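S.K.: Protein chains in written order, with the working numbering: chain A, 29 to 283; chain B, 29 to 283. Even for Gly, the Cβ is constructed at its ideal location relative to N, Cα and C. Quick caveat, the model's predicted, so the values are computed rather than measured.
There are 2 protein chains.
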Amino acid sequence: MIREITSSTNPQIKHLRALSSSKKARQESDTFIIEGWRGIQTLLDHKSPYYNIEQLVISKDWNKPLPQTIDTLVLPAHVFEKISDVRNAQGILAVVSPIEMEHTLPTTGKFLLLDNLRDPGNLGTLIRSAVGSGFDGVLLYGDCVEPFNPKVIRSTMGTFAFSKVWNITPPELFQTLENGFDLCVTTGLDGENLYDAAFSDKTILVIGSEAHGVSEELSERATKKITIPLQPECESLNAAIAGSICMFHMQNSHR
Amino acid sequence: MIREITSSTNPQIKHLRALSSSKKARQESDTFIIEGWRGIQTLLDHKSPYYNIEQLVISKDWNKPLPQTIDTLVLPAHVFEKISDVRNAQGILAVVSPIEMEHTLPTTGKFLLLDNLRDPGNLGTLIRSAVGSGFDGVLLYGDCVEPFNPKVIRSTMGTFAFSKVWNITPPELFQTLENGFDLCVTTGLDGENLYDAAFSDKTILVIGSEAHGVSEELSERATKKITIPLQPECESLNAAIAGSICMFHMQNSHR
């Protein structure tokens with residue numbers, strides 16, 4: 029179904045704008061927005077096990093073919109720009125909803141746990157690296173940035189559609205540890221050298237917040253501490269870089 | 029020497045603002061700006077072999093001790109904000125100049141070559157990872173983002189002060205290759221698996237631009253092609269992530 033709206037005061041336009049800018053609007057409607065052709069194309073080409081496209085929204089001058097089975101809204105360019113979150117809008121966005129899933133705890137596999145990670149670009153990049161390296165999921169612990177924030181979605185470059193990302197509470201995490209998972213924290217000092225360490229097939233890798241590192245409660249529960257060896261002139265690495273280095277090493281070393 | 033300026037129309041204020049916003053102003057004066065306490069503290073604590081602090085500029089409410097040997101300019105908070113490049117300015121910036129150095133080509137060591145890299149955050153993060161991993165320098169090839177752009181400097185988190193970064197022309201690069209360097213390009217497809225590869229002590233690692241990857245002229249000259257193994261759901265990695273994974277692996281594997 030293709031419909032056209034021309035007025036920027038139409039309630040649907042207001043709703044789309046709210047989805048772009050407001051976490052509350054996303055939570056209440058259980059939908060979020062993905063903007064840009066590359067990510068949307070990924071979702072159209074490869075059926076995602078975790079998300080559905082509810083609606084496509086395009087600018088009037090959009091000229092690439094789109095599937096006719098998806099509800100599509102056509103807007104004048106100036107109205108499209110009002111709901112777009114990016115500077116040079118390509119003229120396409122999609123309203124996406126998560127598929128209802130049973131929320132289960134990990135029983136085996138390698139998971140990335142982000143401890144109060146605040147930066148949207150870091151979260152998106154880490155989701156992309158987790159999918160790329162073959163990690164089994166991303167756990168959000170504490171007060172992390174919301175994963176459906178448009179900047180997060182954009183920096184995943186379409187990979188969010190293939191990634192299990194969920195919030196984990198302290199009791200859930202500690203129950204998981206009782207199931208035999210290693211809690212492996214990354215620390216700037218006094219951990220085992222990443223390149224000397226061996227990793228269990230049941231590992232939760234913890235990356236701390238940009239400002240404060242790994243929180244004390246997780247450090248105390250850690251069964252393993254690792255350190256990426258750094259030259260003295262460099263105090264620390266960016267959180268997304270550190271997490272990606274660890275994930276790719278853990279998946280590809282000792283082969 | 030401590031001086032105070034109160035008017036935002038003072039020519040010195042205009043000059044500082046230009047250093048923040050204009051590449052031309054930075055090139056003409058051969059100085060640039062570093063903003064934020066963390067980076068400046070690094071420069072004050074550890075003498076940089078490559079850069080001098082010419083001047084400190086602080087907001088009137090700055091209250092941490094500073095060395096009295098450096099020319100210091102004190103500004104009212106509202107004037108400081110006018111020259112600041114960040115949202116929540118901390119109230120300190122430094123004007124920095126490069127130390128005159130002989131511009132020599134690498135004779136041995138591991139170097140990162142960035143091929144038309146455009147994103148300031150990626151360049152800054154890659155400089156940080158190059159210093160952290162112990163790479164010997166960063167070569168800028170083609171039309172890369174200017175390394176003295178404030179966003180680049182900020183994302184290096186102070187490590188630019190310990191990093192050799194220079195522009196390399198095609199003839200200089202090709203002469204370096206004649207000196208026995210491997211030109212090792214990273215590619216999404218059909219390269220040798222990074223984790224199976226061995227690396228020479230004379231290697232130039234090439235990371236391509238965000239939009240177009242490694243340019244054809246460098247691909248043709250490559251003596252080695254490597255690929256980071258990726259799951260099919262993830263087409264590529266962020267340039268800063270890919271470069272950092274390769275550098276840390278090359279420096280720490282096979283020990």
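Which residue marks the beginning of the beta strand (DSSP E) containing VAL234(A), and which one marks its end?
M.R.: Locating residue 234(A) in the first sequence gives position 206, counting from the first residue. Unbroken beta strand (DSSP E) run through VAL234(A): 230-235.
S.K.: Strictly under 8 Å for the Cβ-Cβ distance: is TYR79(B) near chain A by that measure?
M.R.: Taking the first residue of the second sequence as position 1, residue 79(B) is located at position 51. Cβ-Cβ to chain A under 8 Å: no for TYR79(B).
S.K.: Can you pull the chain B residues whose beta carbon is under 9 Å from the beta carbon of SER237(A), in chain order?
M.R.: As a working mapping, residue 237(A) is identified with position 209 in the first sequence. Within chain B, no residue comes near SER237(A); the closest Cβ sits about 15 Å away, beyond 9 Å.
S.K.: With 9 Å as the limit, tell me which residues of the segment 45-75 of chain A have their beta carbon closer than that to any beta carbon of chain B; keep them in chain order.
M.R.: So the close ones are ARG66, THR70, HIS74.
S.K.: Just grab the DSSP bridge partners of TYR169(B) for me.
M.R.: For the purposes of this step, residue 169(B) is taken as residue 141 along the second sequence, with counting starting at 1. Bridge partners of TYR169(B): ASP143(B).
S.K.: Where does the unbroken beta strand (DSSP E) through LYS252(A) begin, and where does it stop?
M.R.: Here residue 252(A) refers to the residue found at position 224 of the first sequence. Residues 252-255.
S.K.: Can you pull the chain A residues whose beta carbon is under 8 Å from the beta carbon of VAL159(B), in chain order?
M.R.: Counting from 1 along the second sequence, the entry for residue 159(B) is found at position 131. Under the 8 Å cutoff, chain A gives GLN259, GLU261, CYS262.
S.K.: Please report how far the alpha carbon of MET278(B) lies from the alpha carbon of THR100(A), in whole angstroms.
M.R.: Counting from one through the second sequence, the residue named residue 278(B) turns up at place 250. Counting from one through the first sequence, the residue named residue 100(A) turns up at place 72. Cα to Cα, the separation comes out at about 49 Å.
S.K.: Strictly below 8 Å CB to CB, what residues from chain A border LEU265(B)?
M.R.: In the second sequence, counting from the first residue as 1, residue 265(B) sits at position 237. Within chain A, the residues near LEU265(B) are ARG156, SER157, GLY160, SER272.
S.K.: Within 10 angstroms of its Cβ, does PRO134(B) collect 16 or more other Cβ (buried), or is it exposed?
M.R.: Counted from its first residue, the second sequence places residue 134(B) at position 106. PRO134(B) comes out buried.
S.K.: For THR153(B), tell me which candidate among TRP65(A), GLY149(A), LYS179(A) has the shortest Cα-Cα distance.
M.R.: The residue given as residue 153(B) occupies position 125 in the second sequence. Of the candidates TRP65(A), GLY149(A), LYS179(A), the one whose C-alpha sits nearest the C-alpha of THR153(B) is GLY149(A).
S.K.: Under a three-way DSSP split, which group does GLU32(A) fall into?
M.R.: By one-based count along the first sequence, residue 32(A) stands at place 4. It is a strand residue.
S.K.: In the DSSP assignment, what are the bridge partners of PHE60(B)?
M.R.: Along the second sequence, read from residue 1 onward, the residue named residue 60(B) stands at position 32. Looking at the DSSP assignment, PHE60(B) forms a beta bridge with VAL124(B).
S.K.: Between ILE30(B) and the rest of its own chain, which residues show a CB-CB distance below 6 Å, the 5 nearest in sequence each way excluded?
M.R.: Position 2 of the second sequence, counted from the first residue, corresponds to residue 30(B). THR100.
S.K.: Does the pairing of the segment 217-226 of chain A with the segment 121-136 of chain A give three or more beta-carbon distances under 8 Å?
M.R.: Too few Cβ pairs lie closer than 8 Å, so no.
S.K.: Starting from TRP194(A), follow the beta strand (DSSP E) in both directions and report where the run begins and ends.
M.R.: By 1-based counting over the first sequence, the position of residue 194(A) is 166. It spans 193-195 - the beta strand (DSSP E) in which TRP194(A) sits, taken as one unbroken run.
S.K.: How is GLN118(A) classed by DSSP in three states: helix, strand or coil?
M.R.: Here the question's residue 118(A) lines up with position 90 in the first sequence. Reduced to three states, the DSSP call for GLN118(A) is coil.
S.K.: According to DSSP, ILE81(B) sits in a beta bridge with which residue or residues?
M.R.: Working through the second sequence from its first residue, we reach residue 81(B) at position 53. Answer is VAL124(B), bridged to ILE81(B).
S.K.: Compare the Cα-Cα distances from LEU47(A) to each of THR197(A), PHE176(A), ILE232(A), VAL242(A) and report the closest residue.
M.R.: Taking the first residue of the first sequence as 1, we reach residue 47(A) at position 19. Closest by alpha carbon: PHE176(A).
S.K.: In the DSSP output, what is THR100(B) paired with across the bridge?
M.R.: The residue you call residue 100(B) lines up with position 72 of the second sequence. DSSP output for THR100(B) lists ILE30(B), LEU84(B) as bridge partner(s).
S.K.: If contact means a Cβ-Cβ distance below 7 Å, which residues of the segment 182-198 of chain A contact chain B?
M.R.: Going along the segment 182-198 of chain A in chain order, one finds THR187, PHE190 with a Cβ nearer than 7 Å to chain B.
S.K.: Among the residues of its own chain, which have a CB less than 7 Å from the CB of PRO178(A), if the five just before and after it don't count?
M.R.: The residue you call residue 178(A) lines up with position 150 of the first sequence. For PRO178(A), where only same-chain residues beyond five positions count, the Cβ hits under 7 Å are SER48, ILE61, GLU63, ASP113.
S.K.: Can you grab the Cα-Cα spacing for the pair SER247(B) / ILE232(B), in whole Å?
M.R.: Against the second sequence, residue 247(B) aligns to sequence position 219. Against the second sequence, residue 232(B) aligns to sequence position 204. Going from the Cα of SER247(B) to the Cα of ILE232(B) covers about 13 Å.
S.K.: Nearest by alpha-carbon distance to ASP171(B): which of LYS252(B), LEU205(B), PHE188(B), TRP194(B) is it?
M.R.: For the purposes of this step, residue 171(B) is identified with residue 143 of the second sequence, where counting begins at 1. Among LYS252(B), LEU205(B), PHE188(B), TRP194(B), the Cα nearest to that of ASP171(B) is on TRP194(B).
S.K.: When we look at the beta-carbon of LEU265(A) and count the other beta-carbons within 10 Å, is it buried (16 or more) or exposed?
M.R.: If you number the first sequence from 1, residue 265(A) lands on position 237. Counting Cβ neighbours within 10 Å, LEU265(A) comes out buried, since at least 16 surround it.
S.K.: Let me make sure I understand the geometry here. Which of PRO126(A), SER57(A), GLU32(A) has the alpha-carbon closest to that of ASP89(A)?
M.R.: As a position in the first sequence, residue 89(A) is number 61, starting the count at 1. Among PRO126(A), SER57(A), GLU32(A), the Cα nearest to that of ASP89(A) belongs to GLU32(A).
S.K.: Between which residues of its own chain and ALA270(B) is the CB-CB distance below 7 Å, once the five residues before and five after are set aside?
M.R.: What you label residue 270(B) is simply residue 242 of the second sequence in a count that begins at 1. Result list for ALA270(B): THR214, ILE235, ILE256, in chain order.
S.K.: Could you tell me which residues DSSP puts in a beta bridge with LYS138(B)?
M.R.: Along the second sequence, read from residue 1 onward, the residue named residue 138(B) stands at position 110. DSSP lists THR231(B) as partners of LYS138(B).
S.K.: Counting only C-beta atoms, is ARG283(A) closer than 8 Å to chain B at any point?
M.R.: In the first sequence, counting from the first residue as 1, residue 283(A) sits at position 255. Because ARG283(A) carries a pLDDT of 45, less than 50, the predicted location of this residue cannot be relied on, and no value is offered for it.
S.K.: LEU167(A): which of PHE139(A), LYS52(A), MET185(A) sits nearest, CA to CA?
M.R.: The residue given as residue 167(A) occupies position 139 in the first sequence. LEU167(A) has its Cα closest to that of PHE139(A), out of PHE139(A), LYS52(A), MET185(A).
S.K.: Note the first and the last residue of the continuous beta strand (DSSP E) segment covering CYS212(A).
M.R.: Here residue 212(A) is taken as the residue at index 184 of the first sequence, counted from 1. Here the beta strand (DSSP E) through CYS212(A) covers 210-214.
S.K.: Beta carbon of THR184(B), beta carbon of ARG146(B): below 8 Å?
M.R.: On the second sequence, residue 184(B) is found 156 positions in, with the first residue counted as 1. On the second sequence, residue 146(B) is found 118 positions in, with the first residue counted as 1. It is not a contact, given that the beta carbons lie outside the stated cut-off.
S.K.: So if DSSP puts GLU220(B) in a beta bridge, which residue, or which two residues, is it bridged to?
M.R.: Counting from 1 along the second sequence, the entry for residue 220(B) is found at position 192. Answer by DSSP bridge pairing, in chain order: ILE254(B).
S.K.: Is the CB of ASN177(B) under 8 Å away from at least one CB in chain A?
M.R.: Mapped onto the second sequence, residue 177(B) falls at position 149. It does not: the Cβ of ASN177(B) has no partner Cβ on chain A nearer than 8 Å.
S.K.: Measuring CA to CA, which of THR97(B), ASN80(B), SER87(B), VAL180(B) is closest to ASN116(B)?
M.R.: Along the second sequence, one-based indexing puts residue 116(B) at 88. For ASN116(B), the nearest C-alpha among the options comes from SER87(B).
S.K.: Are there any heavy atoms of the ligand FMN lying less than 7 Å away from the beta-carbon of SER191(B), as far as the coordinates show?
M.R.: The model depicted lacks the ligand FMN and carries no ligand whatsoever.
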